[in-house]
Amino acid sequence: MVTQDAIIALTSEIVNNVNNGYKCVTVVLDLIKAFDTVSFPILVQRLEAIGIRVEGKKCWKCPECSASKKKVGGNTQTKIIRCNPDSQNITMSKKSVSNYQTPETKIKELTAVIALLISEFTTLKTKLDELTHSLSHCHERIDELVWGMSANESRLIKLEKRGQEILNLHASLANLQNELNIQAQHGLPNEIEIVRIPGVNNEKLEQILR
Numbered sequence: 447m448v449t450q451d452a453i454i455a456l457t458s459e460i461v462n463n464v465n466n467g468y469k470c471v472t473v474v475l476d477l478i479k480a481f482d483t484v485s486f487p488i489l490v491q492r493l494e495a496i497g498i499r500v501e502g503k504k505c506w507k508c509p510e511c512s513a514s515k516k517k518v519g520g521n522t523q524t525k526i527i528r529c530n531p532d533s534q535n536i537t538m539s540k541k542s543v544s545n546y547q548t549p550e551t552k553i554k555e556l557t558a559v560i561a562l563l564i565s566e567f568t569t570l571k572t573k574l575d576e577l578t579h580s581l582s583h584c585h586e587r588i589d590e591l592v593w594g595m596s597a598n599e600s601r602l603i604k605l606e607k608r609g610q611e612i613l614n615l616h617a618s619l620a621n622l623q624n625e626l627n628i629q630a631q632h633g634l635p636n637e638i639e640i641v642r643i644p645g646v647n648n649e650k651l652e653q654i655l656r
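Every position in the sequence shown, counted from 1, becomes a number in the numbering used here once 446 is added.
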């Protein structure tokens, strides 16, 4: 039978072994339970008093065993922490590692997105520059067409004025012709007919009358 002092010493041994791994604790508890069933409940009480629950002993696993065993089911995000409370190392499952994003990863992704946006904005700026150049060329062509239309309009106005001037000239010629006809009619009674007087070439009427 294990004495009380042995149980205390064994409990201290177990507490020290907790920091080194659960495998030793499991072996010691199994030996005590196999050879001394009377002292085992006392040891269990002492262990529970220091915060170690023996009833879940079968589920105890060292980090090496947990890492080597393939996880099943949907609980793939469970963290496996080492026995040493001071240790900051955390072993993650493969799926959780792939889903976990560090700040560096997020910064890289954000940098890639920003680079893509800059590339798209550069392409857009190039297209806008080409469009601006095309619009400038169109404006120049439109200005040339407007100037040509203005010149043609001025020519049309001049032609219309000349047409009106031609009409006025025709009217003036008609009036002059009418006046000439009237004067000719008024001068008929003053005409003298000379008969049987020989004429000389280039002789004027005044010379004949003399």
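All C-beta atoms in this analysis are idealised placements derived from N, C-alpha and C, irrespective of residue type, glycine included. Computed from a predicted structure; not experimentally measured.
For residue i, is the beta carbon positioned less than 7 Å from some heavy atom of the ligand COA?
i    : result
L562 : By its list of ligands, the structure shown contains no ligand whatsoever, and the ligand COA lies outside what it can speak to.
By DSSP, does residue i sit in helix, in strand, or in coil?
i    : result
K650 : coil
Q629 : helix
Q547 : coil
Just the Cα atoms here: how many angstroms apart are residue i and residue j?
i    : j    : result
L634 : I603 : 47 Å
E566 : L556 : 15 Å
T572 : T578 : 10 Å
R601 : E586 : 23 Å
K554 : T569 : 23 Å
G467 : L563 : Caution is warranted here: a pLDDT of 44 is assigned to G467, below 50, making its placement in the model unreliable, and the coordinate value is therefore given only provisionally. Those two C-alpha atoms are separated by around 52 Å.
N647 : R608 : 47 Å
L591 : L574 : 25 Å
N614 : G594 : 30 Å
N636 : A630 : 10 Å
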